[in-house]
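One structure is given below, encoded as C-alpha cells.
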Amino acid sequence: KSPALSIMYVDDDLHSLDVITTILTNKYPAMQIYSADNIETGLELFKKYRQNIIITDISFPYMDGIQFATEIKQLNAMTQVIIISGHAKNEYQSCLSRIGIIHYIQKPIKFEQILIAIDDSISFQETLSTQCDKYSDIL
84 KSPALSIMYV DDDLHSLDVI TTILTNKYPA MQIYSADNIE TGLELFKKYR QNIIITDISF
144 PYMDGIQFAT EIKQLNAMTQ VIIISGHAKN EYQSCLSRIG IIHYIQKPIK FEQILIAIDD
204 SISFQETLST QCDKYSDIL
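Using my numbering, you'd call the opening residue of the sequence shown number 84 and step up by one each time.
Rendered as C-alpha cells:
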C-alpha cells in the first residue's frame, strides 16, 4: 500500500494560512497537512517531508512563488504545485507551462477551485503511485 498523500500550504498571510490549513485538515483527514508562512520554511519542510501537493501564493518577499515552485519541481518533478495569485494567469502563462504547473487560482479565492485542483492532483498522484507499483512488480 502506498503511503498517505500530503499537502503543504505556503502563504505569508497568516489569516489565510490558518483558515485554509484548517479547512484542508477537515476536508482531507487521511492526509498529512503542513503549512509554512514563508518560502524558506516551505523549502525546509519540503526537503524533509516531500509533500505530494504544494499550494502556494505567488507574492513573497525575497523569492516569489514561481521561483519556489521551480525549486520544488527540481527536487521532485512529480510534485503537483497549485499557484494562487491576485494577477491574471496570462502574466505568468509561459513560465508556469515551462515548469509544469497546470493549476493556477486567481484571487479572490473560491475554495471550490482549490478543492478541484487538489482532487485533480490527488488523482495524478494516485495514478503515478499505481504505475510505479505496477513497474516495481515487473522489476
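Cβ coordinates follow ideal geometry from the N, Cα and C atoms, glycine included.
Is the segment 159-166 close to the segment 125-143, with three or more CB pairs under 8 Å?
Enough Cβ pairs lie closer than 8 Å, so yes.
So is F262 buried or exposed if we call it buried at 16+ other beta carbons inside 10 Å?
Any answer about residue 262 is impossible in this case: the structure gives the chain only from 84 up to 222.
Roughly how many angstroms lie between the CA atoms of S177 and P191, to the nearest whole one?
Cα to Cα, the separation comes out at about 22 Å.
Using 10 angstroms around the beta-carbon of H98, count the other beta-carbons present and answer buried if the total reaches 16, otherwise exposed.
It is exposed - the Cβ of H98 has fewer than 16 other Cβ atoms within 10 Å.
Look at the Cβ atom of I122, then the Cβ atom of T104, and state whether they are nearer than 8 Å.
The answer is no: Cβ separation not under 8 Å.
Where C215 and K130 are concerned, what is the direct C-alpha to C-alpha distance, given to the nearest angstrom?
Distance between the alpha carbons of C215 and K130: 21 Å.
Going straight from the alpha carbon of Q189 to that of I149, what length do you get?
Roughly 14 Å separates the two Cα atoms.
Hey, S206 and N135: beta-carbon distance below 8 Å or not?
No. Outside cutoff.
Please check the pair A119 and M91, which I expect to be a contact at CB under 8 Å, by giving their CB distance rounded to whole angstroms.
That belief holds up - the Cβ atoms of A119 and M91 are roughly 7 Å apart, short of 8 Å.
DSSP three-state label for D140, please.
Residue state, collapsed to three classes: strand.
For A152, does the three-state DSSP call read helix, strand or coil?
DSSP places A152 in helix when its eight states are reduced to three.
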